[in-house]
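The sequence shown begins at 7 in the numbering used here and counts up by one.
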Amino acid sequence: MNRITQLFNIKYPIIQGGMIWNSGYKLAAAVSNAGGLGLIGAGSMYPEVLREHIQKCKKATDKPFGVNVPMLYPNVEEILNIIIEEGVKIIFTSAGNPKTYTSFLKEKGLTVVHVVSSTKFALKAQEAGVDAVVAEGFEAGGHNGREETTTLTLIPMVTKEISIPVIAAGGIATGKGMHAALILGADGVQMGTRFAMTVESSAHENFKNLLKDVKEGDTQLTLKELAPVRLIKNEFFNKVQNAYINGASVDELKEVLGRGRAKKGMFEGDLVEGELEIGQIAGLINQIDTVSEVFDQIINEFNSSINTKIIL
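This is how it looks when you write it as C-alpha cells:
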C-alpha cells in the first residue's frame, strides 16, 4: 500500500481521468471494480444526469468511486450538493480556485483532490487544504495548462515542494509509464486517454475507432486565449489554425469555437466539425480493450518493469 491506495481505499494507485463525454458510470464502475479509482465526469452532465450516473454507479460497484467537477461549471453549487446528497466521498476539482469550496467539502466529509499544471498552483491547492493533487503535464488530452510543462519535469518539481500525495497525469498509459511516474516521486497515476480508449468509455464508436489510428504529432495544444486544449488535427482544428493565421481576436476565436463542439465530436461522433480531445499518448495505443484487460496489461508490465535490473 502507498499513500494513494490508503487515501482512497483502493488496490492499485491508478485513477481514471474524469473526462467529459467519456466518463460515464459504466467506465467509472469498471475502473473501480478492477481495483483503481473510477471517476464520473460531471463536466458534460446536467445536474440531474449526474445524479442518475451516481446512482447507477453505486449499483454497478461496491468499491470507492468519485466525481470530477470543473469549478467553472455554471451550476457548480447544485452539482456539489448532488454529490453530497448522494453520499459520494471523493471529489476531484479542476479549472478553478481550490480555496472556494475545499473547506466546505472537507466539512461534509469528502476527500478532495485538485488538478494542477504547475508547482505554484500545487502549493496553492495544498494551502487550501486538499488531500492530494493531480499534477498534469501538457501531454494530456483536453483542457490543459498554459505553461506547457511536461510530466517528466512537472512531477519532480511538484513533489519537491509539497508534502501531500501527488498523482501524476499526462502521457501515462502503460505499466512502464506508471513505474516512471512513481520513480519521479508521484504516489499514483491518473490515466485519461487509456481509459477513453476502452469498451466501457461513453465516447462514440466513431471517435474510439479514430483514436486507434492516431499517430505521433496528430494532436496539438491550442486556444490558449480561451482555455488551452489538446485536440486531434481535424477540419475543426484547421479552422482554428486559420483563424490564428488571419489574426483572429478572442471574440472571433469564441465564434469559431461555438457551442457544443466537444459533445458533437466525442459523444455524437462528428469527426469533421467536432472538438476531438485526446492526449499525445494515443499514438502508443492502437486497440480498444475492456477496462479489465487494460488493468491486466498495466499491472503485468509494471511488475515486469520493477523487476528489470539495469546495469550501467
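For each residue, glycine too, the CB sits at the ideal point set by N, CA and C.
| If you pair each beta-carbon of the region 136-145 with each one of the region 110-122, do three or more pairs fall below 8 Å? | The region 110-122 and the region 136-145 touch, with three or more beta-carbon pairs separated by less than 8 Å.
| Which listed residue (Ile10, Phe301 and Leu259) has its alpha carbon closest to that of Ile96 | Ile10
| Just how far apart, CA to CA, sit Glu241 and Gly42? | 36 Å
| Near Pro234, which residues of its chain fall below 6 Å by C-beta distance, leaving aside the five closest residues on each side in sequence? | If we look at Pro234 and ignore the five residues flanking it on each side, its Cβ neighbours are Asn150, Arg152 and Leu227.
| query | So Gly183 and Ile161 are in contact, right, with Cβ under 8 Å, and what is the actual spacing, rounded? | reply | The Cβ separation is near 11 Å, so there is no contact.
| What did DSSP end up calling Leu282 once you bin it into helix, strand or coil? | Shown here, Leu282 sits in coil according to DSSP, grouped into three states, outside any helix or strand.
| request: State the DSSP-derived secondary structure class of Leu129, mapped to helix, strand or coil. | output: helix
| Can you name the residues that DSSP bridges to Thr225? | Ile238
| said: If the criterion is Cβ atoms closer than 7 Å, does the pair Thr157 and Gly177 meet it? | reply: It is a contact, given that the beta carbons lie within the stated cut-off.
| field | Alpha-carbon to alpha-carbon, Ala40 and Glu299 | value | Each residue's Cα considered, the two are about 9 Å apart.
| message | Could you give the first and the last residue of the continuous beta strand (DSSP E) run that contains Val94? | response | Where Val94 is concerned, there is no enclosing beta strand (DSSP E), given that its DSSP letter is neither H nor E.
| task | Check each candidate in Lys239, Ile21 and Asp68 and name the one with the smallest Cα separation from Val297. | result | Comparing Cα-Cα distances from Val297 to each of Lys239, Ile21 and Asp68, the minimum goes to Ile21.
| query | So, are the CB atoms of Ile90 and Lys69 less than 7 Å apart? | reply | no
| query | Who does Gly326 pair with in a DSSP beta bridge? | reply | Past the edges of the chain, shown from 7 to 318, lies residue 326, and the structure says nothing about it.
| message | Between the alpha carbons of Ala48 and Arg236, how many angstroms are there, rounded? | response | 19 Å
| said: As an exercise, report each continuous alpha helix (DSSP H) stretch of at least 4 residues that is fully enclosed by the region 15-86, in chain order. | reply: Within the region 15-86, the complete alpha helix (DSSP H) runs of at least 4 residues are 31-39 and 53-66.
| For Ser100: DSSP bridge partner residues | Pro76
| task | Under 8 Å Cβ to Cβ from Ser208, same chain only, skipping five residues before and after it: list those, please. | result | Trp27, Asn28, Ser29, Gly30, Lys32, Leu33 and Phe273
| Straight-line gap, Asn252 to Val164 (C-alpha atoms, nearest Å) | Roughly 38 Å separates the two Cα atoms.
| query | Helix, strand or coil: how does DSSP classify Val164 here? | reply | The answer is helix: DSSP assigns Val164 an H, G or I state.
| Can you tell me where the beta strand (DSSP E) with Thr117 in it begins and where it stops? | Thr117 to Val122
| Where does Ala186 fall in DSSP's three states? | helix
| message | With a threshold of 8 Å on Cβ separation, who are the neighbours of Val278 within its own chain once the five nearest residues in sequence on each side are excluded? | response | Asn240, Glu241 and Phe242
| task | Name, in chain order, the residues that DSSP records as bridge partners for Ala141. | result | Val122 and Ala174
| Going by other Cβ atoms of all chains shown within 10 Å of its Cβ, with 16 needed for buried, is Arg267 buried or exposed? | buried
| said: Quick check: Thr225 and Gln293, are their CB atoms within less than 7 Å of each other? | reply: no
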